[in-house]
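J.: Residue numbers (the numbering used here), protein chains in the order written: chain H, 81 to 338; chain Y, 81 to 338; chain B, 81 to 338.
Dropping the structure in here first, questions after.
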Amino acid sequence: MKFNNRNVFISPKAQIGLNVKIGDNTTIYDNVIIGDNTIVCNDCVIGEPTYQYYQHPDTYENPPTVIGSGSMIRSHTILYAGSTFGEGLNTGHRATIRENTTIGKHCLISTLVDIQGNCNIGDYARIYSNVHISEHTRIGNYVFIFPYTIFTNDPQPPSNTLSGTQVGDYSIITVHCCVLPGVKVGKHCLIGANSVLSRDIEDYSFAIGSPAKRIKDIREIPSKENPGEMHYPWPYNFERGMPWQHQDYNTWLQKNPS
Amino acid sequence: MKFNNRNVFISPKAQIGLNVKIGDNTTIYDNVIIGDNTIVCNDCVIGEPTYQYYQHPDTYENPPTVIGSGSMIRSHTILYAGSTFGEGLNTGHRATIRENTTIGKHCLISTLVDIQGNCNIGDYARIYSNVHISEHTRIGNYVFIFPYTIFTNDPQPPSNTLSGTQVGDYSIITVHCCVLPGVKVGKHCLIGANSVLSRDIEDYSFAIGSPAKRIKDIREIPSKENPGEMHYPWPYNFERGMPWQHQDYNTWLQKNPS
Amino acid sequence: MKFNNRNVFISPKAQIGLNVKIGDNTTIYDNVIIGDNTIVCNDCVIGEPTYQYYQHPDTYENPPTVIGSGSMIRSHTILYAGSTFGEGLNTGHRATIRENTTIGKHCLISTLVDIQGNCNIGDYARIYSNVHISEHTRIGNYVFIFPYTIFTNDPQPPSNTLSGTQVGDYSIITVHCCVLPGVKVGKHCLIGANSVLSRDIEDYSFAIGSPAKRIKDIREIPSKENPGEMHYPWPYNFERGMPWQHQDYNTWLQKNPS
């Protein structure tokens, strides 16, 4: 039904793995490297040239764009040249990811997410719809970022300083939050809806508000699903799509010390 | 000027009504049913296959996508297979609506709206730009949702529970609000800008804040347009695009008891 | 690498300047006028017809769409007919700008920005990702609007009144703000993250909160980059992309009194 090879353009300088499907109306530029068993849906642009191309079109060499095996790139996604994506990448529709960004394995970059370039995202991160990630943001492993949350980087706009933000492993930032320039969110944190993070958040904090304040330790939050138990750290209670799926988190952790 | 039949793909299994126009670069997949006098603009994808297609492409049967007559689908809209839209649907550009969603008649789903699937929206609802509606959201009739408002569904992220939200008939949720999981907004409510709705809101409430609190009954809010009168319930003062346009709301209500 | 003239449609009634490049899959409708040395990337729609076209396709005349010289329109941008853009326009991906809007010279309209029509933006404005600008908004010169900020216009929704907002020259509105209907932000203002602007803001104010309140005069804010100095008015400390770049702001100001 799909993949009719209609209006597809693939550069002869691209390297396409085995059993890769490329959707109609999709363009793949020079030096894109796509791993085996990946699906690139329709209307995508992969290896979009950087701004240097327009300045020096005759001498420009497109930097490599590497997409790991078993990935699923949904329609209308734009991936710039010079970025690297681990295996099992999963994008929503209309994601835009600019140059010099590294994203680990098995990440979800959902519909309308806008990653501005020069960012670093770990493994198994889930970035939900319409999250905006400005340059020089660093996001750890097993992190959840919910819709409309923003990572900023200019500490005194407009200025010539770029001060990126950081999010530690296992942390969760819920909807409509703003992470202000330079702020570091620790590991295993939970940030409530509509918060403005203006100061660093220490590990295992539940914080909320504008400006966000630490309310309690996340290990003190009772589970809504399992009365009488605690919900956080969440890996003990949630495994879908995580590397410890179908086994015990503790067992996995012993085999995979961080 | 438009509709030059350039790079259009229409599945032979689609059913296209009378006097339907299909824009350039648009793709219409299997089992799409489009009512008479509908316009599908350029660069759209109608009947986008669900995830099952990629898992079982040989045996996959695309579920029906039904679009009512007299609809206007603006460019770059993606409508998934398995969803049903009543007559007079009006989408903005780049709307994305996933599977198993039912939308009533004469609804506006504006630019960049992201509806995640398994949702239910009534008749004459107006969902403005960039609203995000997560799975299992239920929105009533004659509802207005303003830009950047989010409907969430995970009560303790990440968890295995999906707890959808509800909005009653005639309610208005203004810009930049978050409706937290499981919250029910009653009928004829008005929610102020940038609110976080963490508890149910009773009928006829004006509520605002984070968390949102009921400030007063909406029937106590004076009209800005007509000094000395009350503005709410708004159907007495606003009729554009509503079924009671060009007649008295009370008269219409007597003929159409809810 | 790009600009292979693949699936490009250019109306014979369009006027294309010298040394203009048009990307693959781009459509240019009647009466579009593009200045010299402009680049229109792939998958764009320029001169999108207004709603009148669908009502009267046989007699409809597309109003002129004017794009100044030296502009850079990134992929998937939609520019409606009847709008005018000064020289050096720079759009991000998937920007949408509707009809009867005038944008000055050297403006940035970034990724996913949604301008609803009948708006006026001055020169050298920078509108960052995902800003939503409703009808009848007026934005001055040298203004910065950061991601996810919204300009609204309905003072008592739903109503028949449109009350646009205004932003004065040199002002900065940071992320996730809501400018409520009819509000006027003065010149040289700075608005903090996640603010709701419900009242007019006087010149040189630093305001923040929901509702936003004036905290201090911006001229009292110490510089983070240059200890012991003040950061605002910012033109004394920031010149990238501004007309006073490579010269002294005071010198430029004397030659260019406002």
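All C-beta atoms in this analysis are idealised placements derived from N, C-alpha and C, irrespective of residue type, glycine included.
Give the secondary structure of residue 128 of chain H by DSSP, where H, G and I count as helix, E and B as strand, and everything else as coil.
T.: strand
J.: Output yes or no for whether 8 Å exceeds the beta carbon distance between residue 395 of chain B and residue 247 of chain B.
T.: Shown here, chain B extends from 81 to 338; a query on residue 395 of chain B therefore has no answer.
J.: For residue 258 of chain H, go through chain B and note every residue whose CB falls closer than 8 Å to its CB, in chain order.
T.: Chain B residues near residue 258 of chain H: 255, 256, 273 and 274.
J.: At which residues does the alpha helix (DSSP H) containing residue 145 of chain Y begin and terminate?
T.: Looking at the DSSP string, residue 145 of chain Y is not in any alpha helix (DSSP H); the run it does join, the beta strand (DSSP E), is 145–147.
J.: Using a C-beta cutoff of 8 Å, does residue 116 of chain Y count as contacting chain B?
T.: no
J.: Look at the Cβ atom of residue 113 of chain Y, then the Cβ atom of residue 143 of chain Y, and state whether they are nearer than 8 Å.
T.: No, these two residues do not count as a Cβ contact at 8 Å.
J.: Going by other Cβ atoms of all chains shown within 10 Å of its Cβ, with 16 needed for buried, is residue 240 of chain B buried or exposed?
T.: exposed
J.: Can you list, in chain order, the residues of the stretch 156–177 of chain H whose Cβ is nearer than 9 Å to any Cβ on chain Y?
T.: The residues in question are 156, 172, 173 and 174.
J.: Can you list, in chain order, the residues of its chain whose CB lies under 6 Å from that of residue 217 of chain B, leaving out five sequence neighbours each side?
T.: Within the same chain, residue 217 of chain B has close Cβ partners 199, 231, 244 and 245.
J.: Does the stretch 89–108 of chain B come into contact with the stretch 260–277 of chain B, if we say contact requires no fewer than three beta-carbon pairs (one atom in each stretch) closer than 8 Å?
T.: no
J.: Are the beta-carbon atoms belonging to residue 174 of chain B and residue 156 of chain B less than 8 Å from one another?
T.: yes
J.: Kindly indicate the opening and closing residues of the alpha helix (DSSP H) around residue 333 of chain Y.
T.: 329–335
J.: In this structure, how does DSSP classify residue 302 of chain H when only helix, strand and coil are distinguished?
T.: strand
J.: What is the DSSP secondary structure of residue 160 of chain B, reduced to helix, strand or coil?
T.: strand
J.: Can you tell which of B/309, B/98 and B/131 has the C-alpha that lies nearest to the C-alpha of residue 196 of chain B?
T.: The option with the nearest alpha carbon to residue 196 of chain B is B/131.
J.: Apart from the five residues just before and just after residue 264 of chain B, which ones in its own chain have a Cβ nearer than 6 Å to its Cβ?
T.: 246 and 280
J.: Less than 8 Å between CB atoms is the rule here; does residue 81 of chain B satisfy it with respect to chain H?
T.: yes
J.: Any heavy atom of the ligand SAM closer than 7 Å to the beta-carbon of residue 255 of chain H?
T.: As presented, the structure is devoid of all ligands, the ligand SAM included, so that no description of it is given.
J.: Against chain B, which members of the stretch 211–236 of chain Y pass a CB distance test of less than 8 Å?
T.: 224, 226, 227 and 228
J.: What are the boundary residues of the beta strand (DSSP E) that residue 286 of chain H is part of?
T.: 285–289
J.: Taking only runs that begin and end inside the stretch 89–131 of chain B, name each unbroken beta strand (DSSP E) of 3 or more residues, in chain order.
T.: 112–114 and 125–128
J.: Take residue 126 of chain B as the anchor and find which of B/276, B/295 and B/88 has the nearest alpha-carbon.
T.: The alpha carbon of residue 126 of chain B has as its nearest neighbour, out of B/276, B/295 and B/88, the alpha carbon of B/88.
J.: Going by alpha carbons, who is nearest to residue 171 of chain H out of H/213, H/201, H/120 and H/306?
T.: H/120
J.: Would you decide whether residue 115 of chain Y is buried or exposed? Buried here means 16 or more other CB atoms lie within 10 Å of its CB.
T.: Using a 10 angstroms sphere on the CB of residue 115 of chain Y, the tally of other CB atoms reaches 16 or more, which defines it as buried.
J.: Could you check how far apart the C-beta atoms of residue 256 of chain B and residue 227 of chain Y are, in whole angstroms? I think they sit under 8 Å.
T.: With a Cβ gap of about 12 Å, residue 256 of chain B and residue 227 of chain Y do not count as contacting.
J.: Of all the CB atoms in chain H, is at least one closer than 8 Å to the CB of residue 208 of chain Y?
T.: no
J.: What's the C-alpha gap between residue 99 of chain H and residue 292 of chain B?
T.: 56 Å
J.: List, in chain order, every chain H residue whose beta-carbon is nearer than 8 Å to that of residue 122 of chain B.
T.: 107 and 125
J.: Taking 8 Å as the CB-CB limit, is residue 104 of chain Y close to chain B?
T.: yes
J.: Excluding sequence positions up to five away, which residues of its chain have a Cβ less than 6 Å from the Cβ of residue 101 of chain B?
T.: If we look at residue 101 of chain B and ignore the five residues flanking it on each side, its Cβ neighbours are 83 and 119.
J.: Which chain H residues are close to residue 192 of chain Y, counting only those with a beta carbon under 9 Å from its beta carbon?
T.: Here the neighbours are 174, 192 and 210.
J.: Is there a Cβ from chain Y that is less than 8 Å from the Cβ of residue 87 of chain H?
T.: Yes, its Cβ sits closer than 8 Å to a Cβ of chain Y.
J.: Kindly indicate if chain B contains any beta-carbon less than 8 Å away from that of residue 280 of chain H.
T.: no
J.: I need the DSSP call for residue 135 of chain B, collapsed to helix, strand or coil.
T.: helix
J.: Does the separation of the CB atoms of residue 85 of chain Y and residue 105 of chain Y fall below 8 Å?
T.: no
J.: Measuring alpha carbon to alpha carbon, tell me which of B/233, B/176, B/235 and B/180 ends up nearest residue 207 of chain B.
T.: B/176
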